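Below is one structure, written out as structure tokens; comments come after it.
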Amino acid sequence: MDTIVLLTLTGLGLAALYFLVASGLSLVFGLADVLNFAHGLFLGVGAYATWWAAGNLPGAGGDGFGFLLAVAFGVAAGTLVAVLVELVLIRPLYSRTIEQVLVTVGLSLAGVALLQATWGADARPFPRPDWTRQVTGVLGAQVPNGGLLLIIAAVVVLGAILAFLRWTRYGLVIRAGVENREMVTALGIDVRKAFTLVFAIGGAAAALAGALGGVYFGTVSPGQGGSLLIFAFIVVVIGGMGSVVGSAYAAVAVGLLQQFVNYYGTSGLGDICVVALLAVVLLLRPQGIAGKVATA
Amino acid sequence: MTEVKSPEVPAPPAAVPAELTPDTGRWHRVRPFLPLVALVVALILPYSTVHLPGIFEGPLNSPGTLQLLAVCLVFGGLAAGYDLLFGRTGMLSFGHALYFAAGVYGTDILVTKAGLPLWQAAVLTITGGTILAALLGAVALRTVGIAFAMVTLAFAQVGAILVARDFGGLTGGEEGLPLDVSGLPPALVGVANTVNLYWLALAYLVVVIFVVHRVSGSPTGRVLAGLRDDERRVGVLGLDPYRFKLVAFTLAGGLAAAGGVVYCLIVGGASPHITSSELTLSLLVMVVLGGPGTRWGPVLGGILYMYLDHRLVAFGTSDAVDALPAILSRPLSQPLFVLGTVFILAVYFFPGGLASLAPRLTHLRKTLHPHP
């Protein structure tokens with residue numbers, strides 16, 4: 000029993016990480032049709048900025064309020080990079096989908112290489128508050144606090160994004176833009192502002208994933224974003240592009256499946272099952288769980 | 000109520016095939032023979048002892064230089080095969096590394112673990128790689144556009160996981176699997192015989208170029224170009240896009256597997272980094288840098304990319320770069336940073352890649368020196 004609880008909660012922790020990366024990807028893709036390979040870079044920037052702030056920023060540190068400040072700094076850095084990328088690199092290429100993909104591919108290669116050039120290829124120990132190293136007893140299972148922190152953060156982010164989309168004017172524009180961008184433009188609304196906003200939200204969520212992922216894994220390395228990104232892509236496709244709620248469902252399904260199969264089967268089998276799930280979903284329901292048709 | 004998105008597959012920068020543009024000017028007579036000249040130069044290259052300081056470390060016929068050139072040639076061929084998908088059919092596959100890796104690991108495992116003679120291993124591997132491409136392509140092609148890209152990426156990721164986890168002790172996991180050379184023909188073994196591997200790589204490149212050009216010149220090739228430009232219209236004409244795309248996907252997969260066989264012999268083994276998605280991304284970079292859908296662009300792009308990837312490491316540790324302040328020298332010592340930046344600039348400023356440079360320069364010259 001306690002094994003199942005433990006696996007469920009660690010699986011949900013993994014799902015939270017996937018969701019934080021996938022929600023931004025999904026929104027960006029749904030609204031702006033940009034498949035963002037540089038999303039892993041935002042995650043890396045968030046993780047390294049948090050790591051740097053904890054050591055160097057006055058007032059920030061590895062514990063308590065200082066840690067909160069470090070994470071805030073990391074999220075701000077990730078958001079800033081995302082907005083800059085959108086304004087400088089993506090915006091001149093709107094409606095040229097393939098060039099946008101190519102630019103984000105180049106950016107992901109160059110950006111990760113830049114992180115590696117600055118802080119080395121090896122994993123660095125991540126500063127984390129002491130309480131995240133401990134475990135909490137839940138129904139007899141000893142669950143690491145880092146994973147619980149991720150779950151809580153993901154739920155908060157999910158709630159915040161949904162509230163933003165539902166009750167604000169910009170949220171309305173974004174929802175309408177995902178449905179039918181041409182119509183929104185025809186009504187005289189500047190959708191491009193919404194593009195920047197969506198990039199900022201995605202960048203912030205990814206940077207938060209980077210910071211909390213650093214806490215969860217205990218280390219930070221330049222390639223971390225890339226390996227998470229592939230599973231985030233899978234989550235986005237399964238969940239349906241443009242749907243935040245779909246991403247959440249898909250992230251939970253993928254995280255749990257991966258964790259359980261990796262435990263009860265051979266290590267690595269869970270990752271393969273996830274891809275099999277993707278193939279099945281695409282064959283049976285190409286638009287994903289809750290999305291518009293996943294074409295073009 | 001879901002919106003009907005325009006279903007166009009994002010087309011790469013449209014390129015008019017070189018064979019269709021009327022060519023005027025001095026080069027008109029010489030141009031058809033340029034590839035032949037390049038081939039002759041490539042053929043006599045191993046007999047030359049010319050030392051090109053800064054470009055290669057040793058003389059041209061030293062084993063190190065020949066091996067680097069052989070790797071470049073294989074990747075020129077790989078890029079040309081990938082262009083059959085991306086530049087000529089408009090399919091954005093992110094999983095091409097899988098078929099290349101299948102070629103490398105297939106040969107390695109069949110020779111080293113199963114003890115087969117090389118020719119049997121090569122035939123089995125290429126057949127297996129082609130069948131694998133046909134099966135996975137049949138599933139992945141149910142989707143189009145970006146979803147297709149993600150599905151191929153996911154399939155390739157499975158390959159990477161299988162290799163890294165080392166199921167059954169076949170792949171050697173993280174450490175890779177060195178090729179057992181005892182059963183190989185003696186002409187392909189040893190440093191002194193690097194030149195034979197160079198011939199092999201050159202032969203592979205020539206075969207790929209021949210196949211790609213024959214296919215794109217055939218009626219099938221015209222349908223593929225039609226799929227790139229407007230898939231719906233091809234469907235309206237009564238042709239099945241799925242079938243033609245599967246043919247292109249399978250053919251490209253088979254060519255990549257053949258490249259894997261040659262690569263395995265050149266580097267003498269397999270290592271897990273060739274299964275990574277980064278390799279597919281570099282193939283994409285090669286094709287775009289060279290000029291997608293053009294006759295020689297992808298080949299040039301592949302050769303140049305691999306050359307730079309190897310040589311930039313030496314450049315990054317050279318004295319000239321070390322003398323720069325740290326903020327410049329550190330990024331410059333990362334080949335991927337330089338290549339990634341060049342790539343982004345190329346997407347913005349040279350959409351047709353290297354192959355479009357010549358017409359652009361001609362145009363520039365005409366503008367600067369207008370003839371009456």
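Protein sequences, first through last, are from chains A and B. At position 265 of the first sequence (counting the first as 1) the number is 264 in numbering that gives the first Met the number 0, and the numbers step up by one without a gap. At position 51 of the second sequence (counting the first as 1) the number is 50 in numbering that gives the first Met the number 0, and the numbers step up by one without a gap. We put the CB at the ideal spot given by N, CA and C, even for glycine. Note that the structure is predicted; figures quoted are calculated from it, not measured.
Check: Nearest chain A C-beta to Asp22/B closer than 9 Å, yes or no?
Finding: Position 23 of the second sequence holds residue 22/B. With a pLDDT of 49 at Asp22/B, under the threshold of 50, the predicted position of this residue should be treated as unreliable, though the coordinate-derived value follows. By this cut-off, Asp22/B is not an interface position.
Item checked: Ser94/A beta carbon less than 9 Å from that of Gly241/A -> For the purposes of this step, residue 241/A is taken as the residue at position 242 of the first sequence. For the purposes of this step, residue 94/A is taken as the residue at position 95 of the first sequence. Not a contact, by the Cβ cut-off of 9 Å.
Notebook entry, point to check: Identify the residues that DSSP records as bridge partners of Arg383/B: which are they?
Noted result: Nothing can be reported for residue 383/B, as the shown portion of chain B is limited to 0 through 371.
Notebook entry, point to check: Is Leu16/A close to chain B, meaning its C-beta is less than 9 Å from at least one C-beta of that chain?
Noted result: In the first sequence, residue 16/A corresponds to position 17, counting from 1. Taking Cβ atoms only, chain B never reaches closer than 9 Å to Leu16/A, which makes this a no.
Margin query: Closest to Gly239/A by C-alpha separation, out of Leu30/A, Thr9/A, Ala153/A and Leu8/A, would be which residue?
Written below: Taking the first residue of the first sequence as position 1, residue 239/A is located at position 240. Comparing Cα positions, the closest option is Leu30/A.
Checklist line | Span of the beta strand (DSSP E) around Gly136/A | finding: Start at 1 with the first residue of the first sequence, and residue 136/A comes out as number 137. Looking at the DSSP string, the run of the beta strand (DSSP E) that includes Gly136/A is Val134 to Val137.
Next item on the list: Let me know the secondary structure DSSP gives Thr274/B once reduced to three states.
Entry: By 1-based counting over the second sequence, the position of residue 274/B is 275. Three-state DSSP puts Thr274/B in a helix.
Margin query: Using a 10 Å radius around the Cβ and a threshold of 16 neighbouring Cβ atoms, would you call Tyr401/B buried or exposed?
Written below: With chain B represented from 0 up to 371, any question about residue 401/B goes unanswered, as that position is not in the structure.
Next item on the list: Jot down the residue ranges of each uninterrupted beta strand (DSSP E) in the region 82–152 of chain A, minimum 3 residues, whole runs only, in chain order.
Entry: 134–137 and 140–143
Next item on the list: May I ask you to verify whether the region 276–288 of chain B touches the region 44–55 of chain B, counting CB pairs closer than 8 Å and requiring at least 3?
Entry: no
Note to self: Tell me which residues of the region 340–352 of chain B have at least one Cβ-Cβ distance to chain A shorter than 7 Å, keeping chain order.
What the structure shows: Thr340, Phe342, Ile343 and Val346
Next item on the list: To the nearest angstrom, report how far apart Gly75/B and Gly23/A are at their CA atoms.
Entry: Here residue 75/B corresponds to residue number 76 of the second sequence, with the count starting at 1. Here residue 23/A corresponds to residue number 24 of the first sequence, with the count starting at 1. Going by the C-alpha atoms only, they are around 36 Å apart.
Checklist line | Minimum length 4: unbroken alpha helix (DSSP H) runs contained in the region 192–252 of chain B | finding: 193–216, 218–228 and 230–235
Item checked: Where Thr2/A falls: helix, strand or coil (DSSP) -> For the purposes of this step, residue 2/A is taken as the residue at position 3 of the first sequence. If DSSP states are grouped into helix, strand and coil, Thr2/A belongs with the helices.
Check: Touch check for the region 8–20 of chain A and the region 204–224 of chain A: three-plus C-beta pairs under 8 Å?
Finding: yes
Notebook entry, point to check: According to DSSP, is Gly267/A helix, strand or coil?
Noted result: Residue 267/A sits at position 268 when you count from the first residue of the first sequence. Coil, per DSSP.
Notebook entry, point to check: Taking Cβ positions only, does Glu174/B come closer than 9 Å to chain A?
Noted result: In the second sequence, the residue the question calls residue 174/B occupies position 175. Chain A, which has no Cβ nearer than 9 Å to the Cβ of Glu174/B, makes this no.
Notebook entry, point to check: In chain order, what residues of the region 33–48 of chain A put their CB closer than 9 Å to some CB of chain B?
Noted result: Leu34 and Phe36
Notebook entry, point to check: What three-state label does DSSP hand Pro116/B in the structure shown?
Noted result: Start at 1 with the first residue of the second sequence, and residue 116/B comes out as number 117. Coil.
Next item on the list: Please classify Gly172/B: does DSSP put it in a helix, a strand, or coil?
Entry: As a working note, residue 172/B is residue 173 in the second sequence. Reduced to three states, the DSSP call for Gly172/B is helix.
Notebook entry, point to check: For the alpha helix (DSSP H) that Met182/A lies in, which residues bound it at each end?
Noted result: For the purposes of this step, residue 182/A is identified with residue 183 of the first sequence, where counting begins at 1. Looking at the DSSP string, the run of the alpha helix (DSSP H) that includes Met182/A is Arg180 to Ala185.
Notebook entry, point to check: Is DSSP giving Thr293/B helix, strand or coil here?
Noted result: Residue 293/B sits at position 294 when you count from the first residue of the second sequence. In the structure shown, Thr293/B sits in coil (DSSP, three-state: anything other than H, G, I, E or B).
Notebook entry, point to check: So Ala133/B packs on Leu245/B, CB below 8 Å; how close in whole Å?
Noted result: Position 134 of the second sequence holds residue 133/B. Position 246 of the second sequence holds residue 245/B. That belief holds up - the Cβ atoms of Ala133/B and Leu245/B are roughly 7 Å apart, short of 8 Å.
Item checked: CB contact check: Val206/B to chain A, cutoff 9 Å -> Residue mapping note: residue 206/B aligns to position 207 of the second sequence, counting from 1. Not an interface residue.
Margin query: Any beta carbon from chain B within less than 9 Å of Val74/A's own beta carbon?
Written below: Position 75 of the first sequence, counting from 1, holds the residue named residue 74/A. Judged by the 9 Å Cβ criterion, Val74/A is not in contact with chain B.
Next item on the list: Quick one: residues in its chain with C-beta nearer than 6 Å to the C-beta of Tyr304/B, no 5 flanking neighbours on either side, listed in chain order?
Entry: Here residue 304/B refers to the residue found at position 305 of the second sequence. If we look at Tyr304/B and ignore the five residues flanking it on each side, its Cβ neighbours are Met285.
Item checked: chain A within 9 Å of Glu277/B, Cβ atoms only -> Counted from its first residue, the second sequence places residue 277/B at position 278. Interface residue, yes.
Next item on the list: State buried or exposed for His38/A, treating a residue as buried only when at least 16 other CB atoms are found within 10 Å of its CB.
Entry: Taking the first sequence and counting its residues from 1, one reaches residue 38/A at position 39. So His38/A ends up on the buried side.
Margin query: Distance check for Ala81/A and Arg90/A, CA to CA, integer angstroms please.
Written below: Here residue 90/A corresponds to residue number 91 of the first sequence, with the count starting at 1. Here residue 81/A corresponds to residue number 82 of the first sequence, with the count starting at 1. Whole-angstrom Cα-Cα distance: 12 Å.
Checklist line | Exposure label - Ala305/A; buried when at least 16 CB within 10 Å | finding: Residue 305/A cannot be examined here, being either before or after the span of chain A that is shown, 0 to 295.
Note to self: Would Thr106/B and Gly292/B qualify as a contact pair, given that the criterion is a beta-carbon distance under 9 Å?
What the structure shows: For the purposes of this step, residue 106/B is taken as residue 107 along the second sequence, with counting starting at 1. For the purposes of this step, residue 292/B is taken as residue 293 along the second sequence, with counting starting at 1. Taking 9 Å as the Cβ cut-off, Thr106/B and Gly292/B do not qualify as a contacting pair.
Check: When Cβ atoms are compared, which residues of the region 253–275 of chain A fall closer than 7 Å to chain B?
Finding: Ser266, Gly267, Asp270, Ile271 and Val274
Next item on the list: List the residues of chain B that Leu113/A touches, going by C-beta distances under 8 Å, in chain order.
Entry: Counting from 1 along the first sequence, the entry for residue 113/A is found at position 114. Result: Pro330, Gln333 and Phe336.
Next item on the list: Using a Cβ cut-off of 8 Å, pull out every chain B residue sitting near Ile229/A, in sequence order please.
Entry: Translated into the one-based positions of the first sequence, residue 229/A becomes position 230. In chain order: Leu152, Ala153, Gln156 and Ser276.
Margin query: I'd like to know if Ile150/A contacts chain B, where contact means its C-beta is closer than 9 Å to some C-beta of that chain.
Written below: What you label residue 150/A is simply residue 151 of the first sequence in a count that begins at 1. Output row for Ile150/A: interface = no.
Check: Skipping 5 residues on each side, what residues in its chain have a beta carbon closer than 7 Å to that of Arg174/A?
Finding: Residue mapping note: residue 174/A aligns to position 175 of the first sequence, counting from 1. Cβ within range, chain order: Leu164.
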